[in-house]
Each structure stands twice: as C-alpha cells, then as structure tokens.
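Undergrad: Could you have a look at this structure, given as structure tokens, before my questions?
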Amino acid sequence: MGGTVRLSRERIVGQAVALLGGQGLGGLTMRRLADDLGVRPGALYYHVPSKQDLLVDVAVRILDDAPDPVPTDDPREAAIALRAALLAVRDGAELVSFAFAFRPEALGPLRDLRDAFDDRLSERRAGWAARTLVHYVLGFVAEEQNHAELVRTGIVADGAGRSRDDDAEAFHFGVAAIVSGLSTDPEALGPAPGTGRS
Numbered sequence: 000m001g002g003t004v005r006l007s008r009e010r011i012v013g014q015a016v017a018l019l020g021g022q023g024l025g026g027l028t029m030r031r032l033a034d035d036l037g038v039r040p041g042a043l044y045y046h047v048p049s050k051q052d053l054l055v056d057v058a059v060r061i062l063d064d065a066p067d068p069v070p071t072d073d074p075r076e077a078a079i080a081l082r083a084a085l086l087a088v089r090d091g092a093e094l095v096s097f098a099f100a101f102r103p104e105a106l107g108p109l110r111d112l113r114d115a116f117d118d119r120l121s122e123r124r125a126g127w128a129a130r131t132l133v134h135y136v137l138g139f140v141a142e143e144q145n146h147a148e149l150v151r152t153g154i155v156a157d158g159a160g161r162s163r164d165d166d167a168e169a170f171h172f173g174v175a176a177i178v179s180g181l182s183t184d185p186e187a188l189g190p191a192p193g194t195g196r197s
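Numbering that gives the first Met the number 0 numbers the first residue of the sequence shown as 0 and each following residue consecutively.
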C-alpha cells in the first residue's frame with residue numbers, strides 16, 4: 000500500500016505551475032489547488048503565508064525553469080529570454096507583472112538586470128532603465144497572451160490582423176529602440192516633468 004506524498008512548499012508550487020498552465024491565472028485558486036493536492040485549503044497556508052506569496056513563488060519558478068536563463072549583462076538578450084520564458088506559460092506576463100509589483104526583489108533575473116546598464120548609467124538610473132525594459136516586455140507579452148486567449152475562446156479569428164512573425168519583429172524593434180534610447184546621455188533629456196530634476 001503506497002504512502003501519501005508529503006506536502007511541501009516545492010510540491011505546492013509545482014502543482015500551482017501545472018494548474019496555471021491548464022486553467023490560467025483566473026483558475027489558480029487555493030481551493031482548486033488544495034483539491035488537486037488532496038488536502039484542505041488550510042493545509043496550504045502552513046507552507047505558504049498567502050496566495051500572493053504563492054504567486055511570487057510560481058513566478059520565480061517560471062523564470063528559474065526557463066529554457067534560456069535571463070542574462071543580466073546584455074539588455075537585448077535579457078528581453079528576448081524574458082519574453083520566451085513568459086510566453087511558455089499561460090498568463091505568464093500577468094503573473095510575473097504581479098510578482099514584480101508585489102516583491103520585485105524575489106525575481107532575481109529582473110532585479111539584477113540593472114547590472115546591464117551599470118557601465119553607462121548611475122546606479123539609480125540603471126535601476127530605472129531596467130524597470131523600463133521589464134515593463135515593455137511585460138506589457139508586450141501580456142498583449143500577445145491576451146490575443147492568444149481571445150483566439151482560444153473563439154472571440155477573434157486566429158491570425159486576424161497579426162502573425163507570430165509580426166509580433167517577434169515588432170518586439171525586437173521596440174527592444175532595440177529602448178536600449179538605443181537608454182544609451183543616450185540622460186542629462187540631455189532635461190529634468191523630469193513636474194520634478195525640476197532629471
């Protein structure tokens with residue numbers, strides 16, 4: 000007679016990733032997760048303090064398990080790898096966007112992306128540059144995934160007015176424009192509107 004598999008944080012996160020892939024972020028509830036694991040919902044909170052913390056753990060797992068790790072020394076390559084990691088998981092952009100807002104320090108590859116800008120910007124501005132690039136990737140992929148969901152549910156026709164190749168080209172164009180713009184002397188841009196300082 001087989002024994003019960005012990006509940007652990009790692010097992011909970013793994014099942015949450017699987018549930019996300021099948022049901023999307025809207026279907027990732029603590030009750031459904033507990034049902035899938037064969038436990039009561041309260042048992043989950045012994046291992047994860049809250050659903051928000053669980054979502055951060057799932058986001059970390061998605062980035063850590065990406066086929067191509069997100070580099071921190073080349074902003075263009077980092078953006079490409081991040082997009083691929085997000086597209087590999089249903090609602091990946093929405094999930095990672097939440098985690099980035101809730102606990103950005105937990106997302107190592109995104110936190111460390113500022114290193115790619117250290118050679119041309121001050122530490123503070125390097126952080127802003129990294130955030131700018133991350134926000135672009137998250138927004139772009141969120142739109143791609145929203146479109147894919149509309150196609151999946153039959154609300155719009157597949158390929159209506161766009162293609163994967165167009166998306167990829169548009170993405171690379173945007174990344175190149177952002178990285179090129181960030182290499183401009185930021186002092187030439189003048190003070191930030193409404194702040195009196197740059």
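Each residue gets a CB set at the ideal place from its N, CA and C atoms; glycine is no exception.
On the DSSP letters alone, give me the boundaries of the alpha helix (DSSP H) that residue 118 sits inside.
TA: Here residue 118 refers to the residue found at position 119 when the sequence shown is read from its first residue. No alpha helix (DSSP H) contains residue 118, which DSSP labels as neither H nor E.
Undergrad: Residues in its own chain within less than 8 Å of residue 135 by CB, not counting five upstream and five downstream?
TA: Sequence index remark: in the sequence shown, residue 135 carries index 136 (1-based). Contacts found: 78, 173, 174, 177.
Undergrad: To the nearest angstrom, how far is the alpha carbon of residue 163 from that of residue 139?
TA: Position 164 of the sequence shown, counted from the first residue, corresponds to residue 163. Position 140 of the sequence shown, counted from the first residue, corresponds to residue 139. Roughly 13 Å between the two C-alpha positions.
Undergrad: Going by DSSP in three states, residue 5 sits in which element: helix, strand or coil?
TA: The residue you call residue 5 lines up with position 6 of the sequence shown. Coil at residue 5, not helix or strand.
Undergrad: Measure how close the beta-carbons of residue 6 and residue 36 come, nearest whole angstrom, since I'm counting them as under 8 Å.
TA: The residue you call residue 6 lines up with position 7 of the sequence shown. The residue you call residue 36 lines up with position 37 of the sequence shown. Going by Cβ atoms, the distance from residue 6 to residue 36 rounds to 7 Å, so yes, they are a contact pair.
Undergrad: Quick check: residue 71 and residue 112, are their CB atoms within less than 9 Å of each other?
TA: The residue labelled residue 71 in the question sits at position 72 within the sequence shown. The residue labelled residue 112 in the question sits at position 113 within the sequence shown. Yes, these two residues count as a Cβ contact at 9 Å.
Undergrad: In this structure, how does DSSP classify residue 40 when only helix, strand and coil are distinguished?
TA: For this step, residue 40 is matched to residue 41 along the sequence shown. Three-state DSSP puts residue 40 in a helix.
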